[in-house]
Amino acid sequence: MSLMIMKHNILEAIRGTKSKKITQAKGFLYEIEKRFAKNDKVEMTSLLTSLMSMKYKGQGKVREYIMEMFHIASRVKVIKIELFEELLVPMVLVSLIAKFNQ
């Protein structure tokens with residue numbers, strides 16, 4: 003019964019072709035989940051690109067900018083890629099504007 007309700011209420015574009023093999027709601031939801039599974043490689047590439055391309059523009063607080071960089075690094079760790087502090091600290095320093103150089 004619940005499978006019929008789900009198939010009726012979910013848009014055709016989302017559910018794709020109806021499979022005759024699926025007889026339980028759990029199997030139906032699993033098939034939909036497989037279609038929309040996120041790709042960790044794409045997310046990792048996006049996060050690393052944003053981290054590498056960050057440049058402090060002199061507006062806003064430096065502390066917030068650095069915290070944002072560390073936040074992105076922590077999101078990368080969730081994907082099981084370790085960004086060591088020995089790498090992250092120089093990245094932050096390089097991305098700051100010249101007026102912070104000594």
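Numbering-wise (the working numbering), the sequence shown opens with residue 3 and increments by one.
Each residue gets a CB set at the ideal place from its N, CA and C atoms; glycine is no exception.
Backbone secondary structure at residue i - three-state DSSP
| i | result |
| --- | --- |
| T25 | coil |
| M93 | helix |
| Y32 | helix |
| Y58 | coil |
| I99 | coil |
| K63 | coil |
| F86 | coil |
Inter-residue CB distance, residue i and residue j (contact presumed, cutoff 8 Å)
| i | j | result |
| --- | --- | --- |
| M71 | M56 | 6 Å |
For residue j and residue i, the rounded distance between their alpha carbons
| i | j | result |
| --- | --- | --- |
| E66 | V91 | 15 Å |
| L89 | F38 | 34 Å |
| L50 | E33 | 30 Å |
| Q26 | Y58 | 53 Å |
| A100 | T47 | 28 Å |
| T93 | K28 | First, the residue type needs correcting, since residue 93 is Met and not Thr in the sequence shown. So the alpha carbons of these two residues sit roughly 46 Å apart. |
| K82 | K63 | 30 Å |
| L95 | Q61 | 16 Å |
| M69 | E87 | 13 Å |
Cβ-heavy atom distance, residue i to the ligand GTP, below 7 Å
| i | result |
| --- | --- |
| I24 | You won't find the ligand GTP in this model; it holds no ligand whatsoever. |
Cβ shell of residue i (< 6 Å), same chain only, five flanking positions each side left out
| i | result |
| --- | --- |
| L85 | A75, V78 |
| I24 | F30 |
| D42 | I81 |
Contacting residues, own chain, Cβ-Cβ under 8 Å from residue i (five flanking each side not counted)
| i | result |
| --- | --- |
| S52 | I74 |
Neighbourhood of residue i by C-beta distance below 7 Å, restricted to the same chain and skipping five residues each side
| i | result |
| --- | --- |
| S97 | M56, K57, Y58 |
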